[in-house]
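Residue numbers (the numbering used here): 2 to 177.
Structure first, commentary second.
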């Protein structure tokens with residue numbers, strides 16, 4: 002840095018220059034014991050992790066009044082079975098769940114239709130029975146999520162609405 006002219010300067014002083022410190026610490030890295038290296042593992046019952054997944058519970062409560070079930074079905078079972086599908090869709094796009102994710106899941110299973118087809122009701126009654134009790138029926142809830150084809154996961158809500166109720170088997174991946 003320059004000094005004012007009235008400052009006395011010793012002509013034998015050498016100008017200072019940068020010099021490295023004697024000890025250079027190792028670079029910091031974010032390594033934790035539970036960190037996953039590489040890609041997220043994929044296997045049966047591991048789910049589809051994504052950011053802020055708990056928000057889907059708030060979305061589900063907003064959708065509750067619109068859900069139509071038949072005798073012998075439970076709104077809680079419908080919500081719990083479709084939450085996993087919504088979370089799978091949200092994690093596919095690498096984001097938190099939004100209302101459209103849950104809308105697609107509930108639409109493909111005919112929960113917004115006043116009088117769905119008898120075979121659709123029979124299939125969803127069999128698959129969704131008791132899944133609201135996640136502790137005892139986690140495997141059944143995962144089966145519902147895993148049976149949905151990837152092509153349905155990437156569809157828009159409008160496409161799913163247009164496909165219902167005629168193509169519910171193709172949308173859900175249900176065999177019979």
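Every residue gets a Cβ at the ideal spot worked out from N, C-alpha and C, and that includes glycine.
For clarity, every value in this text was computed on a predicted model and none was experimentally measured.
I need the boundaries of the alpha helix (DSSP H) containing residue i, first residue and last residue.
{"i": "residue 163", "result": "158-164"}
{"i": "residue 79", "result": "76-93"}
{"i": "residue 128", "result": "119-129"}
{"i": "residue 62", "result": "56-64"}
{"i": "residue 102", "result": "100-109"}
{"i": "residue 170", "result": "169-173"}
Using alpha carbons as the reference points, say which of the options lies closest to residue i.
{"i": "residue 70", "options": "159, 107, 49 and 148", "result": "107"}
{"i": "residue 116", "options": "10, 86 and 165", "result": "165"}
{"i": "residue 49", "options": "20, 84 and 138", "result": "84"}
{"i": "residue 52", "options": "33, 91, 109 and 67", "result": "91"}
Can you round the beta-carbon distance between residue i and residue j to whole angstroms, since I take them to be within the 8 Å contact cut?
{"i": "residue 78", "j": "residue 131", "result": "7 Å"}
{"i": "residue 103", "j": "residue 111", "result": "That pair is no contact at about 15 Å."}
On the CB-based measure, 16 or more other CB atoms within 10 Å of its CB, does residue i come out buried or exposed?
{"i": "residue 35", "result": "exposed"}
{"i": "residue 124", "result": "buried"}
{"i": "residue 58", "result": "exposed"}
{"i": "residue 81", "result": "buried"}
{"i": "residue 88", "result": "buried"}
{"i": "residue 129", "result": "buried"}
{"i": "residue 47", "result": "exposed"}
Quick one: is the Cβ of residue i within less than 7 Å of any heavy atom of the ligand COA?
{"i": "residue 164", "result": "In the structure shown, the ligand COA is absent, as is every other ligand, since no ligand is present at all."}
By the three-class DSSP mapping on this structure, what secondary structure does residue i have?
{"i": "residue 20", "result": "coil"}
{"i": "residue 200", "result": "Any property of residue 200 remains undetermined from this structure, which presents the chain solely from 2 to 177."}
{"i": "residue 49", "result": "coil"}
{"i": "residue 29", "result": "coil"}
{"i": "residue 112", "result": "coil"}
{"i": "residue 146", "result": "helix"}
For a cutoff of 8 Å on Cβ pairs, would you count residue i as touching chain D?
{"i": "residue 163", "result": "As a matter of chain content, chain D is missing from the structure shown, which is built from one protein chain."}
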